[in-house]
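J.: Structure provided below as structure tokens; questions to follow.
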Amino acid sequence: MEVTATVIDRKIGATIIKYEGSFTVHTYVASILGTSAHIIEGPEHLLIVDSQFLLPYALDFKKYIDSLNKPIQYMFISHSHPDHYLGLAAFPDVKAKALKETVREINDKGSELLEAQKEVWSEKMPTDIVLPQAFNLGTKNAMTIHLDGLDIHLRKYLKSKSEVQLTFYVPALKLHIIQELGYNNHHLFLNKDMNHWADILRLLLDKDVIDIYLLGHGLPATAQVLVDNILYLEFANKLYKTKDMTSDKFKIALLDEYPQMEGKELIDIYLLQLFIEG
Ligand SMILES: [Zn+2]
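If you count by our numbering, then the sequence shown holds residues 1013 to 1290, one letter each, in order.
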């Protein structure tokens, strides 16, 4: 798309990058964990993807959305990680939607995760979980919605056997919001199916011509980010499959290979799961 990109610094430490074209796309990146949420702004209405994590960022994201002075036509939660849905507490009047698998997952594990996060972040955490409304893409795992005449293709990808990711492909803008499938200069939140995840990224690279990918962590990026993520997954998978690998050795080797990368805290969150049997 023909765009001018503007970077806006928020007092809170978050960054917004704005791509202005026929439709304006805004990405809000929190300085903690680099958690990203996005806005597609049409002439009349807004579409929002994800809600942020810590309450101060969620409230600031909401404030920014309000400053655009247009009604939210759609708000989606793209997957079941708490750093993307807990911020819904800042949007009491918005009916957010998520795939039914995502809603089920939040329902099953959300309260336990929230309590654990309260120990770490105390008052920065919301008191309760706001559950999005469940919807289904149907048998084709795809659906097209319209925002002020702009076609937005919703697709579902299985990142692992149990992790579902909703994506938003906008052909007219050559833009794809893939959230947790891609990370820009942040450590990937790994699961045991690293090969499968890399295969999905290869599939995405082959399928469409995209100028900008909007991601779950870090700033938007070109297709190179998917190539980088594939290499990261290949490295991590090889390491993981090494004989007598332990969680400590795994973390040290990963930090050693990627010393500049941000989001080191993400490693500690998944590490335990990764080295549990079964
Ligand atoms: Zn995330």
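Note that CB positions come from ideal geometry on N, CA and C, so glycine has one too. Just so you know, these numbers come straight off a predicted model, no measurement behind them.
(1) With a 10 Å radius around its C-beta and 16 neighbouring C-beta atoms as the bar for buried, classify His1158 as buried or exposed.
(2) In angstroms with no decimal places, state the Cα-to-Cα distance between Lys1291 and Met1137.
(3) Answer with buried or exposed for Asn1119, where buried requires no fewer than 16 other C-beta atoms within 10 angstroms of its C-beta.
(4) So within the segment 1149 to 1194, which uninterrupted beta strand (DSSP E) runs reach at least 3 residues, ignoring any that extend past its ends?
(5) Helix or strand or just coil, what does DSSP make of Glu1113?
(6) Report the rounded CA-to-CA distance for Asp1280 versus Lys1075, giving the unit in angstroms.
(7) Would a C-beta distance cut-off of 8 Å place Phe1035 and Gly1054 closer than the cut-off?
(8) Beta-carbon within less than 7 Å of Ile1189's beta-carbon, same chain only, minus the 5 sequence neighbours each way: which residues are those?
(9) I need the boundaries of the alpha helix (DSSP H) containing His1096, first residue and last residue.
(10) Within a Cβ cutoff of 8 Å, which residues of the same chain sit near Ala1235, ignoring the five residues on either side of it in sequence?
(11) Which class does Lys1030 belong to by DSSP, given the choice of helix, strand or coil?
(12) Between the C-alpha atoms of Gln1285 and Pro1068, what's the straight-line distance to the nearest angstrom?
(13) Provide the residue span of the beta strand (DSSP E) that contains Leu1291, from first to last.
(14) Taking all protein chains shown into account, decide if Asp1095 is buried (16 or more other Cβ within 10 angstroms of its Cβ) or exposed.
(15) From Ala1128 to Ser1172, what distance separates their C-alpha atoms?
(16) Are there any heavy atoms of ligand 1 lying less than 7 Å away from the beta-carbon of Thr1179, as far as the coordinates show?
(17) Per DSSP, what kind of secondary structure is Val1132 in: helix, strand or coil?
(18) Does the beta-carbon distance from Thr1266 to Leu1251 come in below 8 Å?
(19) Suppose the cutoff is 6 Å on Cβ atoms and the five residues either side in sequence are ignored; what does the same chain contact list for Ala1110 look like?
(20) Expressed to the nearest angstrom, what Euclidean distance is found between the alpha-carbon atoms of Met1155 and Leu1166?
(21) Spell out the partners DSSP gives Met1087 in its beta bridges.
(22) Alpha carbons only, please: which of Val1115, Glu1056 and Asp1220 is nearest the one belonging to Asn1148?
(23) Using only CA atoms, which one of Leu1231, Leu1071 and Asp1211 lies nearest to Ile1243?
(24) CB-CB under 7 Å to His1057, same chain, minus the five flanking residues each way: which ones, in chain order?
T.: A quick look at the data gives this:
(1) Position 146 of the sequence shown holds residue 1158. Answer is exposed; the Cβ neighbour count stays below 16.
(2) The structure shown has nothing for residue 1291, since the chain only spans 1013 to 1290.
(3) Working through the sequence shown from its first residue, we reach residue 1119 at position 107. Classification for Asn1119: exposed.
(4) 1154 to 1159, 1162 to 1170 and 1176 to 1182
(5) Here residue 1113 refers to the residue found at position 101 of the sequence shown. In the structure shown, Glu1113 sits in a helix (DSSP, three-state: H, G or I).
(6) Residue mapping note: residue 1280 aligns to position 268 of the sequence shown, counting from 1. Residue mapping note: residue 1075 aligns to position 63 of the sequence shown, counting from 1. Asp1280 and Lys1075: Cα-Cα distance of roughly 31 Å.
(7) Within the sequence shown, the letter at position 23 stands for residue 1035. Within the sequence shown, the letter at position 42 stands for residue 1054. Contact: yes.
(8) The count along the sequence shown starts at 1 and reaches residue 1189 at position 177. Taken in chain order, the residues that qualify are His1050, Val1061, Thr1179, Phe1180 and Leu1226.
(9) Taking the sequence shown and counting its residues from 1, the one referred to as residue 1096 is at position 84. Element bounds for His1096: Pro1094 to Tyr1097.
(10) Working through the sequence shown from its first residue, we reach residue 1235 at position 223. Closer than 8 Å at Cβ, skipping near neighbours: Leu1217, Ile1222 and Tyr1225.
(11) Residue numbering aside, residue 1030 sits at position 18 when the sequence shown is read from its first letter. If DSSP states are grouped into helix, strand and coil, Lys1030 belongs with the strands.
(12) The count along the sequence shown starts at 1 and reaches residue 1285 at position 273. The count along the sequence shown starts at 1 and reaches residue 1068 at position 56. In this model, Gln1285 and Pro1068 are separated by some 28 Å (Cα to Cα).
(13) This structure gives no information on residue 1291, because the portion of the chain shown stretches from 1013 to 1290.
(14) Numbered from 1 along the sequence shown, position 83 holds the residue referred to as residue 1095. Buried: at least 16 other Cβ atoms inside 10 Å.
(15) Here residue 1128 corresponds to residue number 116 of the sequence shown, with the count starting at 1. Here residue 1172 corresponds to residue number 160 of the sequence shown, with the count starting at 1. Across the structure, Ala1128 and Ser1172 are spaced so that their CA atoms are roughly 24 Å apart.
(16) The residue labelled residue 1179 in the question sits at position 167 within the sequence shown. No - ligand 1 has no heavy atom lying nearer than 7 Å to the Cβ of Thr1179.
(17) Along the sequence shown, one-based indexing puts residue 1132 at 120. Note: Val1132 maps to helix in three-state DSSP.
(18) Translated into positions along the sequence shown, residue 1266 becomes position 254. Translated into positions along the sequence shown, residue 1251 becomes position 239. Checking the displayed sequence, the identity of residue 1266 turns out to be Leu instead of Thr. Closer than 8 Å, so yes.
(19) In the sequence shown, residue 1110 corresponds to position 98, counting from 1. Only Ile1089 and Pro1144 meet the Cβ criterion.
(20) For the purposes of this step, residue 1155 is taken as residue 143 along the sequence shown, with counting starting at 1. For the purposes of this step, residue 1166 is taken as residue 154 along the sequence shown, with counting starting at 1. For Met1155 and Leu1166, the distance between alpha carbons rounds to 5 Å.
(21) The count along the sequence shown starts at 1 and reaches residue 1087 at position 75. In the DSSP output, where bridge partners are listed per residue, Met1087 has Ile1060.
(22) Mapped onto the sequence shown, residue 1148 falls at position 136. Nearest of Val1115, Glu1056 and Asp1220 to Asn1148, Cα basis: Val1115.
(23) Position 231 of the sequence shown, counted from the first residue, corresponds to residue 1243. Residue identity check: residue 1243 is Leu in the sequence provided, not Ile. The shortest C-alpha separation from Leu1243 is found at Asp1211.
(24) To locate residue 1057, count along the sequence shown from 1; it is residue 45. Lys1082, Pro1083, Gln1085, Leu1159 and Asp1160.
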